[in-house]
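Chains as they are written, first to last, in the working numbering: chain B, 32 to 231; chain X, 32 to 231.
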DNA sequence: GTCTATATTTGGATAGAC
DNA sequence: GTCTATCCAAATATAGAC
């Protein structure tokens, strides 16, 4: 069954759009996400700047597409993480995946979890992409004995703290990254080994 | 004993410079440290942009002055932190001071501990300002039972993680900030209550 | 020391021809 | 869809008068 012409056209359009997006990530990795210019981005895909507007109505829409794609990559990776023999292992595996994804591409981490561009705010729809995986992870944490929201917040902050120290102070190294497993196990052990009170 | 005329002049120059620096912090707090323009900064102190060059040779020199000042404020606050009854309390007090300073002015935190401006790198001299206080804190940590560099890195990362989660997700709130004391105590307890092996 | 005027660069975005 | 040409805004920084 032959494709409609409009389908062919839109598939080409999609491919070009994806190519621009790839080039945008490359450029962001080189110069920082805030220092990316449409002129240079266009040059990288063999175009002039105005042609980009065929694919993205504005620069913020480009950021939005990058944000959504990055968020989707995180969500996919988290949900593709193999479960362990118990909830505690599954939680550890997911945390490792999050750390690996973060360290693998610090610029993506920056765009998703810090606020590097003052004028850009991701859409609620894009923000939602990660919520399902996060809710699942929270359930594994509960099963692993990290029961309260506060305990889970500490757990997540421990992971994030080591990741951000690694990225900020020694990108590409492992001084902080190599501590992640032990540090997270410490948190789980702390909360799992004793009953948690609801209030203090 | 009368001041030399050159002293009078330089004191006025110092005052104006300090006034510009204050206005720069105000502006950075409002717009973000990367979105600060010299035109608006000048307007805030009743000047035109070119006049600022009498006090700062370039915008990067202004950033450098801000960085140094912010670093000095952190160093002073840390070293003015009252000691506790033992090393563990002193360590906790210092960590609380660091967190309080961070949350009190997130833009200062950002300038000092993240890299918000791609073209700006602080001088080695400015970076050194915090080193003495950090080395002292490390000593208190050792006395408190947080002996290895890795253990101290985890301790610091726990504090930083909670601070950054608070700033990034809920500036002005306390969802993560209120967990700092307990989380840091958990880390100290973990390392202090058992002998630490040098390697794993 | 401060000003006006301006150089220079760079950015996002649009108009309209092809 | 892509281009050239251009607009418009904003930024840092400098020259030279006062």
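C-beta: ideal position from N, C-alpha, C; glycine also.
* Asked: At a Cβ threshold of 8 Å, is residue 65/X touching chain B?
  -> Position 34 of the second chain, counting from 1, holds the residue named residue 65/X. For residue 65/X, the answer is yes, since a Cβ of chain B falls inside 8 Å of its Cβ.
* To do: Express the C-alpha separation of residue 211/B and residue 131/X in angstroms, rounding to a whole number.
  => In the second chain, residue 131/X corresponds to position 100, counting from 1. In the first chain, residue 211/B corresponds to position 180, counting from 1. Roughly 25 Å separates the two Cα atoms.
* To do: Specify the secondary structure class of residue 44/X as computed by DSSP and reduced to three states.
  => Numbered from its first residue, the second chain carries residue 44/X at position 13. Correct three-state label for residue 44/X: helix.
* Asked: What residues from chain X crowd round residue 132/B, counting only those whose CB sits closer than 8 Å?
  -> In the first chain, the residue the question calls residue 132/B occupies position 101. Residues of chain X with a Cβ closer than 8 Å to the Cβ of residue 132/B do not exist, since the nearest Cβ in that chain sits about 17 Å away.
* In this structure, does DSSP put residue 231/X in helix, strand or coil? -> Stepping through the second chain from its first residue, residue 231/X is reached at position 200. Annotation note: pLDDT 46 at residue 231/X (below 50); position unreliable, no value reported.
* To do: Flag this pair as yes or no: are the beta carbons of residue 69/B and residue 54/B separated by less than 8 Å?
  => As a first step, residue 69/B must be located in the first chain, where it is residue number 38. As a first step, residue 54/B must be located in the first chain, where it is residue number 23. No, the pair does not count as a contact, with Cβ atoms beyond the cut-off.
* From which residue to which residue does the alpha helix (DSSP H) around residue 156/X run? -> Counting from one through the second chain, the residue named residue 156/X turns up at place 125. Note, residue 156/X: alpha helix (DSSP H), 155 to 159.
* To do: Answer yes or no: do residue 74/B and residue 87/B have a C-beta to C-beta separation smaller than 8 Å?
  => Reading the first chain from its first residue, position 43 is the one you call residue 74/B. Reading the first chain from its first residue, position 56 is the one you call residue 87/B. Cβ atoms of residue 74/B and residue 87/B: not closer than 8 Å.
* Under the three-state DSSP convention, the category residue 175/X falls into -> As a first step, residue 175/X is located in the second chain; it is residue number 144 there, counting from the start. Coil.
* What span of residues does the alpha helix (DSSP H) with residue 218/X cover, start to end? -> Stepping through the second chain from its first residue, residue 218/X is reached at position 187. Judged by DSSP secondary structure, residue 218/X falls within the alpha helix (DSSP H) whose first and last residues are 211 to 223.
* **residue 192/X, enclosing alpha helix (DSSP H) - first and last residue** => Counted from its first residue, the second chain places residue 192/X at position 161. Here the alpha helix (DSSP H) through residue 192/X covers 180 to 200.
* Could you give the DSSP three-state label for residue 110/X: helix, strand or coil? => Residue mapping note: residue 110/X aligns to position 79 of the second chain, counting from 1. Here residue 110/X sits in helix by DSSP.
* Asked: Which residues of chain B have a Cβ atom closer than 8 Å to the Cβ of residue 170/X, listed in chain order?
  -> Position 139 of the second chain, counted from the first residue, corresponds to residue 170/X. Among the residues of chain B, none has a CB under 8 Å from the CB of residue 170/X; the nearest is roughly 20 Å distant.
* Which residue's Cα is closest to the Cα of residue 106/B: 80/B, 165/B and 122/B? -> Counting from 1 along the first chain, the entry for residue 106/B is found at position 75. When only C-alpha atoms are compared, the closest one is 165/B.
* To do: Examine the ligand SAH and report whether any of its heavy atoms sits within less than 7 Å of the Cβ of residue 221/X.
  => With respect to the ligand SAH, the structure offers nothing, as it holds no ligand at all.
* Asked: So residue 129/B is in the alpha helix (DSSP H); what residue range does that whole segment cover?
  -> Position 98 of the first chain, counting from 1, holds the residue named residue 129/B. Looking at the DSSP string, the run of the alpha helix (DSSP H) that includes residue 129/B is 118 to 135.
* To do: Give a yes or no on whether 8 Å exceeds the smallest Cβ distance from residue 183/B to chain X.
  => Along the first chain, one-based indexing puts residue 183/B at 152. No, no contact with chain X.
* Kindly indicate which residue of 59/B, 66/B and 222/B has the alpha-carbon position closest to the one of residue 150/X. => Taking the second chain and counting its residues from 1, the one referred to as residue 150/X is at position 119. Ranking 59/B, 66/B and 222/B by CA distance to the CA of residue 150/X puts 66/B first.
* Asked: Would you say residue 191/B and residue 102/X are within 8 Å of each other, going by their C-beta atoms?
  -> Within the first chain, numbered from 1, the residue matching residue 191/B stands at position 160. Within the second chain, numbered from 1, the residue matching residue 102/X stands at position 71. In this structure, residue 102/X does not lie closer than 8 Å to residue 191/B by Cβ.
* To do: For chain X, find out if any of its Cβ atoms is closer than 8 Å to the Cβ of residue 151/B; answer yes or no.
  => Residue 151/B sits at position 120 when you count from the first residue of the first chain. Between residue 151/B and chain X, the shortest Cβ-Cβ separation is not below 8 Å.
* Would you kindly work out how many angstroms separate the C-alpha atoms of residue 98/X and residue 91/X, rounded to a whole number? => Along the second chain, one-based indexing puts residue 98/X at 67. Along the second chain, one-based indexing puts residue 91/X at 60. Roughly 10 Å separates the two Cα atoms.
* Asked: Okay, do the segment 106 to 116 of chain B and the segment 157 to 164 of chain B touch, 3+ Cβ pairs below 8 Å being the bar?
  -> Because the criterion of three Cβ pairs below 8 Å is met, the segment 106 to 116 of chain B and the segment 157 to 164 of chain B touch.
* List, in order along the chain, the chain X residues whose C-beta lies closer than 9 Å to that of residue 206/B? -> Here residue 206/B refers to the residue found at position 175 of the first chain. Ordered by position in chain X, the residues that pass the 9 Å Cβ test against residue 206/B are 180, 181 and 184.
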